[in-house]
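Protein chains in written order, with the working numbering: chain A, 1 to 256; chain B, 257 to 783.
Have a look at the structure below before the remarks.
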Amino acid sequence: MITLHQLTKVFGAQTAVDALSLEIPAGQIVGFLGPNGAGKSTTLKMLTGILAPTSGTATIAGFDLLKDTLEVKRRIGFVPESGAVFESLTGLEYLEMVAALYAIPKEAARERIRQFISFFDLSFETLTDKLLGAYSKGMRRKVVITSALLHNPEVVFFDEPLDGLDANAAVGFKALIQTLAHEGKTIVYSSHILDVVERVCDRVIIIDKGRLRLDGRPDELVAAHGRGTLEKLFTQVTGGAELEQRAQDFAKTFRP
Amino acid sequence: MHKLYLTLFLRGRSSRGLQKKGVPKSVGAKLGLVLLFYGLFGLTSLAFIHQPVFAVALYSHAMTLVFLGLFVAASSGEMLFNKDEADIMWHRPVTTRALLRAKLGVLLKVSLWLAGAFNLGCFIAGVLAPDGGWLFPVAHALSTVMEALFCVGAVVVLYQLCLRWFGRERLDGLMTLSQVGVAVAAMLAGQVPQLMIRFHGKFNFDAHSWWVALLPPAWFAGLDDLIAGNRTNFSAILAGTGVAATATVLWLAFGALVRGFETGLQSVGEVMAPKRPHAERRRWLDRLAGWGLMRWWLREPVCRASFLLVAAYLARDRDVKLRVYPGIAPMLVWPVIMMLQSRAPGQPEFFSGFTIALTGVLIGTVPLIALDLLRYSQHWQAADLFHAAPMKGPGALCRGARRAVTFFLTLPVLVVSVLLLWLAGGAGPRLALLLPGIIALPLYGMLASLGGRAVPLSLPGEEAKSAGRGFKMFGVMMISMVLAAAATVCWSLGWFWWLMLGELICVSALFFGFRAAVAQTRWESLE
Chain A
1 MITLHQLTKV FGAQTAVDAL SLEIPAGQIV GFLGPNGAGK STTLKMLTGI
51 LAPTSGTATI AGFDLLKDTL EVKRRIGFVP ESGAVFESLT GLEYLEMVAA
101 LYAIPKEAAR ERIRQFISFF DLSFETLTDK LLGAYSKGMR RKVVITSALL
151 HNPEVVFFDE PLDGLDANAA VGFKALIQTL AHEGKTIVYS SHILDVVERV
201 CDRVIIIDKG RLRLDGRPDE LVAAHGRGTL EKLFTQVTGG AELEQRAQDF
251 AKTFRP
Chain B
257 MHKLYLTLFL RGRSSRGLQK KGVPKSVGAK LGLVLLFYGL FGLTSLAFIH
307 QPVFAVALYS HAMTLVFLGL FVAASSGEML FNKDEADIMW HRPVTTRALL
357 RAKLGVLLKV SLWLAGAFNL GCFIAGVLAP DGGWLFPVAH ALSTVMEALF
407 CVGAVVVLYQ LCLRWFGRER LDGLMTLSQV GVAVAAMLAG QVPQLMIRFH
457 GKFNFDAHSW WVALLPPAWF AGLDDLIAGN RTNFSAILAG TGVAATATVL
507 WLAFGALVRG FETGLQSVGE VMAPKRPHAE RRRWLDRLAG WGLMRWWLRE
557 PVCRASFLLV AAYLARDRDV KLRVYPGIAP MLVWPVIMML QSRAPGQPEF
607 FSGFTIALTG VLIGTVPLIA LDLLRYSQHW QAADLFHAAP MKGPGALCRG
657 ARRAVTFFLT LPVLVVSVLL LWLAGGAGPR LALLLPGIIA LPLYGMLASL
707 GGRAVPLSLP GEEAKSAGRG FKMFGVMMIS MVLAAAATVC WSLGWFWWLM
757 LGELICVSAL FFGFRAAVAQ TRWESLE
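Put into C-alpha cells, the structure is as follows:
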C-alpha cells in the first residue's frame with residue numbers, strides 16, 4: 001500500500017530524512033517512532049504531499065506520490081501534530097469546508113459528520129454554535145480526526161493523534177483504528193507514547209537522524225534485543241540509555 | 257523584555273518563510289527596504305525647499321503622522337493584545353505596566369526609525385529654508401520624537417477609553433473600529449498641507465489660519481518654528497499645546513488608564529462561548545450562499561468553501577478584521593477629501609474630473625489590497641489542509657477568495673463611494689469617469705491571485721509587515737493616478753468612450769490570460 005524508495009529531504013545543510021526505504025502493506029498499523037527531530041513529521045508531510053521530497057520516490061495506494069499527487073491525496077487522510085484548524089469557523093463549518101475540498105456532496109457530508117459526532121460523543125449544537133477557537137483541546141482534536149477520516153481514506157497518517165484526548169476518547173480511538181485496519185485500511189501512527197504504540201501497532205519503525213534504525217513487530221523486536229519493553233528498546237536504539245541516571249544526577253542539583 | 261518584543265516584532269512569531277541560516281539577515285534586509293521606501297517618499301519634502309520653516313515642518317509632520325498612524329494602526333492590535341502570548345507570558349511575574357511599557361517601547365522605536373527615514377529630506381529642506389538654519393535638524397528631531405510619542409500614546413489611550421466605556425465584551429469590534437478610525441484620521445492628517453496649498457498665480461502655502469492650531473501636525477511644527485524658525489507667539493502657543501498634549505496622552509496611557517489595558521489582556525485570553533442568538537445569526541452565511549444566484553455563482557465546491565471561509569473571517573476574526581478594514585478604509589475617505597478639495601476656490605476644472613476618475617481607480621485597488629491582506633492569519637497552519645487535499649493547485653481557492661472580496665468589500669465600497677461623491681456634489685454625467693476603475697476591477701483581483709498567491713489565511717500574520725507590499729502598493733497608486741489622469745484628459749478631449757473601449761479590450765485579454773495562468777498554477781512545497 002505504501003512504498004518508500006530512498007526518500008530524502010534536505011533543508012539547507014541539514015538532512016532531515018536520509019534515503020528512507022520501506023514497504024507497508026494494506027491493513028497494517030505501523031508505529032512510526034523516533035526522538036524529537038528524527039524526521040518523523042517531515043516524512044509524514046512528504047507522504048501527504050505537503051512537502052516535496054528532495055530526492056527518492058514513494059507510491060501510496062498504487063499511485064506515484066510525485067506523478068499522481070492528486071490521486072494520492074484523494075486516498076489519504078492526515079491528522080497533523082499541530083492540530084491546527086481555522087478557529088473562527090464553527091466545527092460544522094470547518095468539517096463542511098473539508099468535505100467540499102474532497103468533493104463530498106453536502107448532504108452526504110452532513111450525514112457522515114453526524115456519525116462521527118455520535119462516535120465522539122459531541123453534540124450537534126456544539127458543532128453548530130461554537131467557534132473552534134472556543135473548543136477544548138480534546139474537542140478540537142476530535143474535529144481534526146473527523147476531518148481526516150471524513151472522505152473514507154485508504155491510508156491514514158496520524159501524528160500524535162491522542163494529544164488532548166481524554167482516557168475514554170483515547171480508548172475509543174484506539175479501537176477505531178484497529179477496526180479500520182481490519183477493514184483493510186493502512187494506518188501510520190506517529191507518537192511518543194510508546195506503550196500505546198506497543199499495544200496497538202502490528203509493526204514498529206524507528207528512525208533517528210532521518211535514517212531507518214529498526215523495523216519489525218514490537219514483540220519480536222523487544223525479544224530480539226533482550227529488552228523488556230518497547231520504551232527500553234527505543235531509548236537504547238536512539239541513544240537515551242543513560243537518561244535515567246542523568247535525570248537522577250540532575251535532580252540532586254535541586255537539593256537545598 | 258523590550259529586546260524580546262523587538263525581536264518578535266522584527267522576526268515574527270513563526271519561522272516559516274525565513275531560512276534557518278539567514279534569519280537575522282532576512283529581517284535586516286526587510287527592514288532596510290522599508291526604511292529605503294520611507295526615505296524615498298520623504299524626499300517629497302524637498303518640494304518645500306524655499307518655504308518657511310513652519311511650512312516645511314507642517315508638511316513633514318502631517319505626512320509623518322499619516323505614516324506613523326497607519327503603521328501603529330496596523331501593528332498595535334496584534335502587538336498589544338496577542339492571544340498566543342497568554343500561555344507564554346501572562347503567568348510570569350511581570351506587571352501589566354512593564355508589559356505595556358515594553359510593547360509601546362518597541363512600537364515607539366520602530367516608529368522613530370520610520371519617522372527618521374521619512375524626515376531625511378525634511379532636514380535638508382529645513383536647513384535651506386529662508387528662516388531656517390543648522391538648528392533645524394535638532395529641533396525637528398525633537399519634535400518628531402514627540403510626535404511619535406503622541407501617536408503611539410494616542411492609539412493606546414483610544415483602546416483604553418474604548419475598553420472603559422464600552423466594556424471588554426466588545427473588544428473585537430472596538431479594536432477594528434479604533435484602527436479604522438486611526439487609519440482614517442491619519443489619511444485626513446495627510447490632507448492638511450494640501451488644504452493649505454493655494455494656487456494664487458503661484459504655489460503658495462497659507463499656514464497661519466486659526467484652525468491650524470487645532471491640528472496635531474501644527475503643534476509639532478510650532479515647536480520647530482519656535483526653536484529654529486520665526487519664533488512667533490503663534491509658534492509658542494502651538495509648541496506649548498503639543499508638549500501639553502503629548503504629556504497628557506502619555507500620562508493617560510501609562511498612568512490613569514493602564515488598568516484598561518489589563519482588562520483588555522484578560523479578555524483576549526478568554527474565549528467566550530457565544531450565546532444561541534449569536535449562533536443563529538451566524539447561519540446567515542450558509543443561507544446567503546444557498547440563495548439562487550449565489551448558489552449558481554458558487555456552484556464549484558472548493559470555490560464555495562473558500563468563499564465561506566473568507567466571509568466568516570471577514571465577519572468574525574479579530575486579526576483579519578484589524579488588518580483588512582483599516583487597510584481599505586482610506587479608499588472611502590479619499591473621494592470625499594478629493595471632492596471637497598476640488599470645490600475649493602482656485603482649483604482648476606480638470607481637478608474635479610480627475611477626482612472622480614481617481615476614486616474609481618482606487619476602488620479598483622480594493623480587491624488587490626484585500627486579497628493581499630487576507631493571505632495572513634494567526635491560523636495559517638490550518639491552511640496546510642489545502643496542500644493535503646486533492647486539488648491540483650490553489651486556483652479554486654483563490655477564485656472563492658476573490659468572489660468573497662468582490663461581494664463583501666468591493667461592491668459595498670463602490671456603492672458607498674458613489675453615494676459620497678453624489679453627496680459631495682460630484683454627481684452628473686461625469687460619474688462615468690468612475691468606469692476606468694470599475695472596468696479594471698476584475699483585473700486587479702486576478703493580479704492578486706497570480707502565482708496562486710491569494711490563498712486565504714495561509715501565511716503568518718507577521719509576514720504582512722513586508723517592504724515589498726509597500727513598494728507594490730506605491731506602484732499601484734502611481735499607475736492609478738496615471739490612468740485617472742489619462743481618463744480625465746480623454747474626457748475633456750471627447751475621447752473618453754474610445755479609451756473605455758480600448759481599456760475593455762486590454763483588460764479582457766489580460767483577465768483571461770491571467771485566469772488561465774492562475775488555473776494552471778500548482779502547489780509549491782511548504783518549506
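For each residue, glycine too, the CB sits at the ideal point set by N, CA and C.
As the structure is a computational prediction, the values presented were derived from the model and not from experiment.
Rounded distance between the beta-carbons of serine 562 of chain B and tryptophan 636 of chain B, thought under 8 Å: Numbered from 1 along the second sequence, position 380 holds the residue referred to as residue 636 of chain B. Numbered from 1 along the second sequence, position 306 holds the residue referred to as residue 562 of chain B. That pair is no contact at about 15 Å.
Other residues of its chain near glycine 31 of chain A: CB distance less than 6 Å, five sequence neighbours each side excluded: Within the first sequence, the letter at position 31 stands for residue 31 of chain A. Contacts found: Tyr189, Val197, Cys201 and Val204.
For glutamine 634 of chain B, the three-state DSSP class (helix, strand or coil): What you label residue 634 of chain B is simply residue 378 of the second sequence in a count that begins at 1. The answer is coil: DSSP assigns glutamine 634 of chain B none of H, G, I, E or B.
Within 7 Å of chain A by C-beta, residues of the stretch 543 to 563 of chain B in sequence order: Legend: CB atoms of the stretch 543 to 563 of chain B lying less than 7 Å from CB atoms of chain A belong to residues Pro557, Val558, Arg560 and Ala561.
Within 9 Å, strictly: CB atoms of isoleucine 193 of chain A and phenylalanine 173 of chain A: Locating residue 193 of chain A in the first sequence gives position 193, where the first residue counts as 1. Locating residue 173 of chain A in the first sequence gives position 173, where the first residue counts as 1. For isoleucine 193 of chain A and phenylalanine 173 of chain A, no; Cβs fall outside 9 Å.
Coil, strand or helix - leucine 266 of chain B by DSSP: Start at 1 with the first residue of the second sequence, and residue 266 of chain B comes out as number 10. Looking at leucine 266 of chain B - three-state DSSP - the assignment turns out to be helix.
Cβ of threonine 253 of chain A within 9 Å of any chain B Cβ: What you label residue 253 of chain A is simply residue 253 of the first sequence in a count that begins at 1. Threonine 253 of chain A does not count as touching chain B.
Delimiting residues of the beta strand (DSSP E) encompassing tyrosine 189 of chain A: On the first sequence, position 189 is the one that residue 189 of chain A refers to. Per DSSP, tyrosine 189 of chain A belongs to the beta strand (DSSP E) from 186 to 190.
Within-9 Å CB hit, proline 646 of chain B to chain A: Reading the second sequence from its first residue, position 390 is the one you call residue 646 of chain B. Interface flag for proline 646 of chain B against chain A is set, since a Cβ pair is found closer than 9 Å.
Aspartate 121 of chain A (DSSP reduced to helix, strand or coil): Position 121 of the first sequence, counted from the first residue, corresponds to residue 121 of chain A. Coil, per DSSP.
Per-residue DSSP class, three states only, for glutamate 23 of chain A: Your numbering for residue 23 of chain A matches position 23 in the first sequence. When DSSP states are grouped into helix, strand and coil, glutamate 23 of chain A belongs to the strand group.
Sequence-distant residues of the same chain with beta carbon closer than 7 Å to leucine 66 of chain A, five excluded per side: In the first sequence, counting from the first residue as 1, residue 66 of chain A sits at position 66. Only Thr57 meet the Cβ criterion.
Interface flag, arginine 784 of chain B vs chain A, CB-CB below 9 Å: No answer is possible for residue 784 of chain B: the residues shown for chain B start at 257 and end at 783.
Cβ of tryptophan 540 of chain B within 9 Å of any chain A Cβ: Position 284 of the second sequence, counted from the start, is the residue given in the question as residue 540 of chain B. Contacts with chain A at 9 Å (Cβ-Cβ) do not include tryptophan 540 of chain B.
Alanine 103 of chain A vs leucine 150 of chain A beta-carbon contact at 9 Å: Taking the first sequence and counting its residues from 1, the one referred to as residue 103 of chain A is at position 103. Taking the first sequence and counting its residues from 1, the one referred to as residue 150 of chain A is at position 150. The answer is no: Cβ separation not under 9 Å.
Beta carbon of serine 191 of chain A nearer than 9 Å to that of phenylalanine 158 of chain A: Within the first sequence, numbered from 1, the residue matching residue 191 of chain A stands at position 191. Within the first sequence, numbered from 1, the residue matching residue 158 of chain A stands at position 158. Between serine 191 of chain A and phenylalanine 158 of chain A, the C-beta gap is smaller than 9 Å, which places the two residues in contact.
is_contact[valine 527 of chain B, chain A] using C-beta, thresh 9 Å: Counting from 1 along the second sequence, the entry for residue 527 of chain B is found at position 271. Unreliable placement is indicated for valine 527 of chain B, whose pLDDT of 49 sits below 50; no coordinate value is reported for it.
The stretch 584 to 591 of chain B in contact with the stretch 647 to 658 of chain B per 3-pair CB rule at 8 Å: Here the stretch 584 to 591 of chain B makes no contact with the stretch 647 to 658 of chain B; the two share fewer than three CB pairs at distances below 8 Å.
Element boundaries [alpha helix (DSSP H), containing histidine 182 of chain A]: As a first step, residue 182 of chain A must be located in the first sequence, where it is residue number 182. Per DSSP, the unbroken alpha helix (DSSP H) holding histidine 182 of chain A starts and ends at 167 to 182.
Proximity to isoleucine 60 of chain A [Cα-Cα], best of A:Thr15, A:Thr54, A:Ile76 and A:Asp163: Sequence index remark: in the first sequence, residue 60 of chain A carries index 60 (1-based). Taking the Cα of isoleucine 60 of chain A as reference, the smallest distance to any Cα among A:Thr15, A:Thr54, A:Ile76 and A:Asp163 is reached at A:Ile76.
Beta carbon proximity, leucine 324 of chain B to chain A, threshold 9 Å: For the purposes of this step, residue 324 of chain B is taken as the residue at position 68 of the second sequence. Closer than 9 Å: no.
Coil, strand or helix - arginine 213 of chain A by DSSP: By one-based count along the first sequence, residue 213 of chain A stands at place 213. Three-state result, arginine 213 of chain A: strand.
In DSSP terms, what valine 30 of chain A is bridged to: Indexing the first sequence from 1 puts residue 30 of chain A at position 30. DSSP lists A:Val188 and A:Arg203 as the beta-bridge partner residues of valine 30 of chain A.
Among B:Thr611, B:Phe293 and B:Asp542, nearest to alanine 567 of chain B - alpha-carbon criterion: As a first step, residue 567 of chain B must be located in the second sequence, where it is residue number 311. Residue B:Asp542 is the option with its Cα nearest to alanine 567 of chain B.
Spatial distance of histidine 456 of chain B from glutamine 307 of chain B (CA atoms): For the purposes of this step, residue 456 of chain B is identified with residue 200 of the second sequence, where counting begins at 1. For the purposes of this step, residue 307 of chain B is identified with residue 51 of the second sequence, where counting begins at 1. Because the pLDDT of histidine 456 of chain B is 43, which lies under 50, any placement of that residue in the model is unreliable, and the number read from its coordinates should be weighed accordingly. For histidine 456 of chain B and glutamine 307 of chain B, the distance between alpha carbons rounds to 15 Å.
Alpha-carbon to alpha-carbon, alanine 509 of chain B and valine 322 of chain B: For the purposes of this step, residue 322 of chain B is taken as residue 66 along the second sequence, with counting starting at 1. For the purposes of this step, residue 509 of chain B is taken as residue 253 along the second sequence, with counting starting at 1. The C-alpha of valine 322 of chain B lies about 21 Å from the C-alpha of alanine 509 of chain B.
Closest Cα partner of proline 35 of chain A within the set A:Gln236, A:Lys252, A:Leu4 and A:Gly216: Indexing the first sequence from 1 puts residue 35 of chain A at position 35. Comparing Cα positions, the closest option is A:Gln236.
Interface residues of the stretch 620 to 647 of chain B facing chain A [CB-CB below 9 Å]: Answer in chain order: Ser633, Gln634, His635, Trp636, Gln637, Ala638, Ala639, Asp640, Leu641, Phe642, His643, Ala644, Ala645, Pro646 and Met647.
Between the CA atoms of phenylalanine 490 of chain B and aspartate 480 of chain B - distance to the nearest angstrom: Translated into positions along the second sequence, residue 480 of chain B becomes position 224. Translated into positions along the second sequence, residue 490 of chain B becomes position 234. Just so you know, the alpha carbons of aspartate 480 of chain B and phenylalanine 490 of chain B end up roughly 12 Å apart.
Inter-residue CB distance, valine 617 of chain B and alanine 740 of chain B (contact presumed, cutoff 8 Å): Along the second sequence, read from residue 1 onward, the residue named residue 617 of chain B stands at position 361. Along the second sequence, read from residue 1 onward, the residue named residue 740 of chain B stands at position 484. With 8 Å as the limit, valine 617 of chain B and alanine 740 of chain B qualify as a contact, their Cβ atoms being about 5 Å apart.
Opposing strand residues paired with histidine 225 of chain A [DSSP bridges]: Here residue 225 of chain A refers to the residue found at position 225 of the first sequence. In the DSSP output, where bridge partners are listed per residue, histidine 225 of chain A has none listed.
Sub-9 Å separation of leucine 687 of chain B and isoleucine 612 of chain B beta-carbons: Here residue 687 of chain B refers to the residue found at position 431 of the second sequence. Here residue 612 of chain B refers to the residue found at position 356 of the second sequence. For leucine 687 of chain B and isoleucine 612 of chain B, yes; Cβs fall inside 9 Å.
Distance between threonine 615 of chain B and valine 440 of chain B (C-alpha atoms, nearest Å): In the second sequence, the residue the question calls residue 440 of chain B occupies position 184. In the second sequence, the residue the question calls residue 615 of chain B occupies position 359. In a straight line, the C-alpha of valine 440 of chain B is about 16 Å away from that of threonine 615 of chain B.
Buried versus exposed, by CB contacts within 10 Å (16 or more), threonine 351 of chain B: Mapped onto the second sequence, residue 351 of chain B falls at position 95. Classification of threonine 351 of chain B: exposed, given that the 10 Å Cβ count is below 16.
Proximity below 9 Å, CB of phenylalanine 78 of chain A to CB of leucine 132 of chain A: Along the first sequence, read from residue 1 onward, the residue named residue 78 of chain A stands at position 78. Along the first sequence, read from residue 1 onward, the residue named residue 132 of chain A stands at position 132. Taking C-beta atoms as the reference points, phenylalanine 78 of chain A and leucine 132 of chain A fail to come closer than 9 Å.
Positions along the stretch 372 to 403 of chain B whose CB lies within less than 9 Å of some CB in chain A: Legend: CB atoms of the stretch 372 to 403 of chain B lying less than 9 Å from CB atoms of chain A are not found in any residue.
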